[in-house]
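Residue numbers (my numbering), protein chains in the order written: chain D, 1 to 59; chain H, 60 to 437.
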């Protein structure tokens, strides 16, 4: 249970960083929105895979 | 193409009919609980068991079950064929012969062999045994698992969705031969096909090679997406939440990017240019582990965990109806669970698309890494 909480905290921090930075990037360069979004989703998916892997192994 | 249109109409009607029957069934369940005759899905452990049962694959296609006024348990659904490779060769029978029993008490006799179903696994009893006996840890002591090729609920879903996709997409392809614009359901599919080609395949694989892999990416995308959506209907499929299915898809991607890897790709993996010679073997181990284990494993686990977690959340929220009945009252608990499960189902529709997109996107990315030209060496 504690492990699951820690995983979620870590993943939350990571997702927050990714989303926040992507939004800053979009605000600075709105014309690059598409590219930034794609990269953001890929990184978020990788992070999510890691988090789910950890949850899965922890269970 | 009247037949296809009729099929789609029939499916729509079937789904609507299912919705009405399912909601009717849950209403009669509630009445039962009000009378407090020890209603079925009352306690937390029963809810948990029910959810776990739903997540797992099963040998029957059971839509719902209820207890009638005589106290009998009735199941609504249809049986599926059981195909076993036992010690005596091929054995087939319908799953209805188990009478929905799941703890090994119903023994089916075929070809002189005895079979029992325990927790959705079919066991073959040893010769001479008439009933399954268990040890303290609830493992069967006188029965062994058989090779099971049954058309289970997930396999049935796979076949149905596969045939539907064949119908839709062959129709779409045929329409391009006679006219330039697709009609009917093809109009829904065309923009999605173009989206996968232009936004996923082209940018990730590159102009030169993308044509070779677009077929695979399209298949994977629609396969996962439609199965995810089918999982949200009351039919109770959980196909993309089965490790075997997602594992198989991940292995397809692994095989494709491994066999289509260029010389430069293998060079970079096994003998990284531009780094000191001593570090090269270490990097090779890391790169190989990444390409052959971690990449497919992340594809497999992501899809499985997302879809399974989604199903568990939806079902848990529906179960609020039963678990919070005492503290909130029947109306309060039902209202709460209705609102929450409605909105989480909407989110699940988004997740169904997103997971299909991410699987396809990452597959395209991995294939793109394998086929890109390393001519402009670092």
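Where is the CB? At the ideal position from N, CA and C, for every residue including glycine.
Rounded to whole angstroms, what is the Cα-Cα separation between residue 154 of chain H and residue 167 of chain H? The straight-line gap separating the alpha-carbon atoms of residue 154 of chain H and residue 167 of chain H is approximately 10 Å.
Helix, strand or coil at residue 164 of chain H [DSSP, three-state]: It is a strand residue.
Using only CA atoms, which one of H/291, H/382, H/421 lies nearest to residue 368 of chain H? The closest CA to that of residue 368 of chain H, considering only H/291, H/382, H/421, is found on H/291.
What number of angstroms, rounded off, separates the C-alpha of residue 426 of chain H from the C-alpha of residue 38 of chain D? Between residue 426 of chain H and residue 38 of chain D, the C-alpha separation is close to 17 Å.
Would the beta-carbon of residue 206 of chain H fall within 7 Å of that of residue 231 of chain H? Here residue 206 of chain H is not near residue 231 of chain H, since their CB atoms are 7 Å or more apart.
In the DSSP output, what is residue 140 of chain H paired with across the bridge? Bridge partners of residue 140 of chain H: H/153.
What's the gap between the Cα of residue 146 of chain H and the Cα of residue 342 of chain H? Distance between the alpha carbons of residue 146 of chain H and residue 342 of chain H is about 48 Å.
Does residue 49 of chain D get closer than 7 Å to chain H when you measure Cβ to Cβ? The beta carbon of residue 49 of chain D falls within 7 Å of a beta carbon belonging to chain H, placing the residue at that interface.
Runs of alpha helix (DSSP H) wholly within the segment 222-283 of chain H (minimum 4 residues, chain order): Counting only unbroken stretches of 4 or more residues, the alpha helix (DSSP H) elements lying wholly within the segment 222-283 of chain H are 245-254, 261-264, in sequence order.
Using CA coordinates, which residue listed in H/357, H/123, H/432, H/117 is at the minimum distance from residue 324 of chain H? Of the candidates H/357, H/123, H/432, H/117, the residue whose Cα lies closest to the Cα of residue 324 of chain H is H/432.
State the CB to CB distance for the pair residue 139 of chain H and residue 213 of chain H, rounded to an integer number of angstroms; the pair is presumed to be in contact (CB under 8 Å). Rounded, the Cβ-Cβ distance is 10 Å, inconsistent with contact.
Tell me, please, whether the CB atom of residue 229 of chain H is closer than 7 Å to any CB atom in chain D? No - not a single Cβ of chain D is within 7 Å of the one on residue 229 of chain H.
Own chain, CB closer than 7 Å to residue 242 of chain H, minus 5 neighbours either side, in chain order: Excluding positions up to five away in sequence, the list reads 234.
Under 9 Å Cβ-Cβ, which residues of chain D neighbour residue 420 of chain H? In chain order: 38, 41, 42, 45.
Using beta carbons (cut-off 7 Å, strictly below), is residue 53 of chain D in contact with chain H? With 7 Å as the cut-off, residue 53 of chain D counts as an interface residue toward chain H.
Is the separation between the beta-carbon of residue 380 of chain H and that of residue 393 of chain H shorter than 7 Å? A Cβ-Cβ contact shorter than 7 Å links residue 380 of chain H with residue 393 of chain H.
Beta-carbon proximity list for residue 322 of chain H, same chain, < 7 Å, skipping 5 on both sides: Closer than 7 Å at the Cβ level, and outside the excluded window around residue 322 of chain H, lies no residue.
Segment contact, 8 Å Cβ cut-off, at least three pairs: the segment 268-280 of chain H with the segment 301-316 of chain H: Under the Cβ criterion (8 Å, minimum of three pairs), the segment 268-280 of chain H counts as touching the segment 301-316 of chain H.
Just verifying my parser: in three-state terms, what is the DSSP assignment at residue 118 of chain H? Coil at residue 118 of chain H, not helix or strand.
Cβ of residue 411 of chain H within 7 Å of any chain D Cβ: Taking Cβ atoms only, chain D never reaches closer than 7 Å to residue 411 of chain H, which makes this a no.
Report the partner residues of residue 184 of chain H according to the DSSP bridge assignment. Assignment of beta-bridge partners to residue 184 of chain H by DSSP yields H/202.
Suppose the cutoff is 7 Å on Cβ atoms and the five residues either side in sequence are ignored; what does the same chain contact list for residue 377 of chain H look like? Result list for residue 377 of chain H: 396, 400, in chain order.
Check whether the Cβ of residue 361 of chain H lies closer than 7 Å to any Cβ atom in chain D. Yes, its Cβ sits closer than 7 Å to a Cβ of chain D.
If you run the structure through DSSP and keep just helix, strand and coil, what is residue 14 of chain D? Three-state DSSP puts residue 14 of chain D in a helix.
Under three-state DSSP, which class holds residue 344 of chain H? Note: residue 344 of chain H maps to helix in three-state DSSP.
Do residue 362 of chain H and residue 299 of chain H come within 7 Å of each other at the CB atom, strictly closer than that value? Inclusion of residue 299 of chain H and residue 362 of chain H in the CB contact set at 7 Å is warranted, their separation being smaller than that value.
Let me see if you follow: with CB-CB separation under 7 Å, is residue 104 of chain H close to chain D or not? It does not; no Cβ of chain D falls within 7 Å.
C-alpha gap between residue 25 of chain D and residue 35 of chain D, whole angstroms: Distance between the alpha carbons of residue 25 of chain D and residue 35 of chain D: 10 Å.
So which of H/111, H/430, H/359, H/224 has the shortest CA-CA distance to residue 307 of chain H? Looking at the Cα atoms, H/359 is the closest of the given residues.
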